[in-house]
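Asker: Just so you know, numbering that gives the first Met the number 0 puts 205 at position 206 of the sequence shown, and the rest follows in order with no gaps.
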Amino acid sequence: MKKIDEKGIAHLMLMMVAVVLVAIVGVYFLVASKAAPKSVTTTPPATDTTTAQRTTGNGAPNGAHFNLNIIGVPKEKTAEITSGNRIFVPLEGVCKINLTPGDFSVLDGNCTDNSPAAFQLPNPDPDGDGTTDYTVWARPLGKPGGKATATTCATDPTTGEEVCSLESSAFVRNKGKSSFENVSKGFLTILYDDDGDASTAPIRVSIFDDRLQDYFWNYDNKGLRVLQLRFYQK
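1. Using the Cα positions of Lys233 and Leu67, report the straight-line distance between them to the nearest angstrom.
2. Hey, is the region 218-228 in contact with the region 131-146, meaning 3+ C-beta pairs nearer than 8 Å?
3. Grouping DSSP H, G and I as helix and E and B as strand, with all else coil, what is Leu190?
4. Since Asp209 and Ala153 are thought to touch, with beta carbons under 8 Å apart, how far apart are those beta carbons, to the nearest angstrom?
5. On the DSSP bridge list, what partners appear for Gly92?
6. Less than 6 Å between C-beta atoms, sequence neighbours within five positions excluded: which residues of the same chain meet that for Pro36?
7. Going by beta-carbon coordinates alone, are Phe118 and Ile86 separated by less than 8 Å?
8. State the start and end residues of the unbroken beta strand (DSSP E) segment that holds Glu161.
9. Kindly provide the ranges of any alpha helix (DSSP H) runs that are 4 or more residues long and lie completely inside the region 151-185, ordered along the chain.
10. Might you give, ordered along the chain, the residues of its own chain that have their beta carbon closer than 8 Å to the beta carbon of Phe215, omitting 5 neighbours on each side?
11. Going by DSSP, what residue range makes up the beta strand (DSSP E) through Leu211?
12. For Thr48, which residues in the same chain have their Cβ closer than 8 Å to its Cβ, ignoring the five residues on either side in sequence?
13. Under a Cβ-count criterion, where at least 16 other Cβ atoms within 10 Å of its own Cβ denotes burial, should Gly25 be classed as buried or exposed?
14. May I have the straight-line CA-CA distance separating Ile202 from Lys176, to the nearest angstrom?
15. Taking the straight line between their C-alpha atoms, what separation do you get for Leu165 and Val171?
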């Protein structure tokens with residue numbers, strides 16, 4: 000048998016040690032990777048923009064809407080108007096626009112024939128929680144100088160008396176660009192004294208609330224040619 004020289008033995012032992020070290024290191028990293036917690040990357044939640052209505056350059060929200068024009072005319076209209084998006088009112092004078100719950104629709108668009116106009120619109124607060132399902136925006140248009148005031152009214156079923164809101168929406172057509180403003184409270188609610196006690200605060204109810212009935216808008220026009228209304232779902 001040939002003798003293995005000392006150099007060969009030393010080289011063989013080094014190789015065996017290297018193999019053992021590699022095996023030990025591999026086992027260590029395998030165990031460590033299983034024991035260490037995994038790294039989780041989180042993404043910040045997106046900003047919720049569904050509750051806010053983005054406005055356009057004319058001040059109105061951006062999105063689908065129902066458009067209604069209240070048009071002041073100097074002469075009486077004789078035609079029967081039961082559709083469309085227009086209600087004709089006296090250029091100078093007061094018009095009563097009766098309100099009915101339902102889908103947006105002009106039921107009677109002629110308020111110049113000594114009889115009320117009629118407009119149908121959804122119940123803005125069907126749950127009665129004080130939050131409306133849609134908003135109303137308005138802007139005055141036409142020849143500068145005209146103005147108008149709109150007040151929401153109804154009848155008190157217990158007394159039979161007419162009740163008008165303590166708040167009114169006033170519009171003035173000035174020169175230059177006219178922008179929309181949010182008039183939801185003025186057109187969709189009534190702020191009134193329900194008990195006749197001046198020492199108690201008035202209450203606010205939405206149109207079609209059962210505490211009142213026969214809701215309408217009282218439109219007092221003093222030369223305003225057009226009041227443009229837009230109704231936006233929230």
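Note that beta-carbon positions come from the ideal geometry of N, C-alpha and C, so glycine has one too.
Answerer: From the atom records:
1. Straight-line Cα distance between these residues: approximately 18 Å.
2. Yes: at least three Cβ pairs fall under 8 Å.
3. Reduced to three states, the DSSP call for Leu190 is strand.
4. In fact, because the Cβ distance is near 11 Å, the residues do not count as touching under 8 Å.
5. Looking at the DSSP output, Gly92 sits in a beta bridge with Asn220.
6. Because Pro36 sits at a pLDDT of 37, beneath the cut-off of 50, its placement in the model cannot be relied upon, and the point is left open.
7. Result yes, Cβ atoms of Phe118 and Ile86 sit closer than 8 Å.
8. For Glu161, the uninterrupted beta strand (DSSP E) run begins and ends at Glu161 to Cys163, by DSSP.
9. None, since the region 151-185 contains no complete alpha helix (DSSP H) of that length.
10. Here Phe215 has Lys95, Ile96, Asn97, Leu98, Pro115, Thr151, Cys152 and Ala153 as same chain residues with Cβ atoms under 8 Å from its own Cβ, once five neighbours each way along the sequence are excluded.
11. Segment: none, Leu211 is in no beta strand (DSSP E) and carries neither H nor E.
12. Reliability fails at Thr48, whose pLDDT of 29 lies under 50, so the model's placement of it is uncertain and the value that follows must be treated cautiously. Correct list: empty, nothing qualifies.
13. Only weak support is given to the placement of Gly25: the predicted model assigns it a pLDDT of 48, under 50, and the value that follows is read from those uncertain coordinates. Exposed: under 16 other Cβ atoms inside 10 Å.
14. In a straight line, the C-alpha of Ile202 is about 36 Å away from that of Lys176.
15. Note on geometry: alpha-carbon atoms of Leu165 and Val171 lie some 20 Å from one another.
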